[in-house]
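Below is one structure, written out as structure tokens; comments come after it.
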């Protein structure tokens with residue numbers, strides 16, 4: 002390993018960590034695609050990006066992005082299921098995996114601020130539903146408690 006390998010290796014590591022953190026949120030939500038899946042998606046997208054940028058510096062960057070998006074489309078399609086009642090499951094997780102791919106591409110191409118911002122926004126969006134549901138539960142628990150206007154015995 003020489004000095005020129007350090008930054009690309011750091012990109013792979015950073016993308017994997019960000020993917021892992023997003024996957025951790027999915028794991029907390031009880032979804033089947035968790036930390037490892039998301040870390041591997043980010044790593045793969047970052048690796049393809051690093052390879053593309055370093056091995057083919059004059060190549061069309063759109064080809065890289067479209068290849069990653071196509072691959073993630075197949076992966077995401079496998080996560081979306083329709084149950085016997087017609088309910089669709091896995092759509093949010095599939096969208097999260099798609100977003101993780103963009104994090105990997107951004108970090109892999111050296112766009113650190115974009116990649117970190119995308120990862121942070123993804124976690125916020127994914128976690129927001131649980132935060133709002135918790136807030137609803139707390140509000141409903143407070144409103145179903147004792148009525149302050151009634152006299153106590």
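In our numbering, the protein residues as written are 2 to 154. We put the beta carbon where it would ideally sit given N, CA and C, even for glycine.
Cβ-based burial, residue 21 [other Cβ within 10 Å; buried from 16]: If you number the chain shown from 1, residue 21 lands on position 20. Label assigned to residue 21: buried.
Taking the alpha helix (DSSP H) that residue 75 falls in, what are its first and last residues? Indexing the chain shown from 1 puts residue 75 at position 74. Here the alpha helix (DSSP H) through residue 75 covers 62-78.
Buried or exposed: residue 57, going by 16 or more other Cβ atoms within 10 Å of its Cβ? One-based indexing of the chain shown puts residue 57 at position 56. Exposed: under 16 other Cβ atoms inside 10 Å.
Residue 141 to residue 135 span [Cα, whole Å]: Walking along the chain shown from the start, residue 141 turns up at place 140. Walking along the chain shown from the start, residue 135 turns up at place 134. Between residue 141 and residue 135, the C-alpha separation is close to 10 Å.
Assigned secondary structure, residue 90 (DSSP; H/G/I helix, E/B strand, else coil): For the purposes of this step, residue 90 is taken as residue 89 along the chain shown, with counting starting at 1. In the three-state reduction of the DSSP assignment, residue 90 falls in the strand class.
From which residue to which residue does the alpha helix (DSSP H) around residue 56 run? For this step, residue 56 is matched to residue 55 along the chain shown. Taken as a continuous stretch (DSSP letters only), the alpha helix (DSSP H) holding residue 56 covers 36-56.
When you compare the CB positions of residue 119 and residue 106, do they come within less than 7 Å of one another, or not? As a working note, residue 119 is residue 118 in the chain shown. As a working note, residue 106 is residue 105 in the chain shown. Not closer than 7 Å, so no.
Quick one: residues in its chain with C-beta nearer than 8 Å to the C-beta of residue 40, no 5 flanking neighbours on either side, listed in chain order? For the purposes of this step, residue 40 is taken as the residue at position 39 of the chain shown. Excluding sequence neighbours, residue 40 sits near 17, 18, 20, 21 and 24.
Exposed or buried, which one is residue 14 when buried takes at least 16 other CB atoms within 10 Å? As a working note, residue 14 is residue 13 in the chain shown. Counting other Cβ atoms within 10 Å of its Cβ, residue 14 stays below 16 and is therefore classed as exposed.
Nearest CA to the CA of residue 8: which residue from 108, 101 and 64? Residue numbering aside, residue 8 sits at position 7 when the chain shown is read from its first letter. Minimum Cα distance to residue 8 is reached at 108.
Rounded C-beta distance between residue 91 and residue 82? I'm assuming under 8 Å. Taking the chain shown and counting its residues from 1, the one referred to as residue 91 is at position 90. Taking the chain shown and counting its residues from 1, the one referred to as residue 82 is at position 81. Contact between residue 91 and residue 82 holds: their C-beta atoms lie close to 5 Å from each other, under 8 Å.
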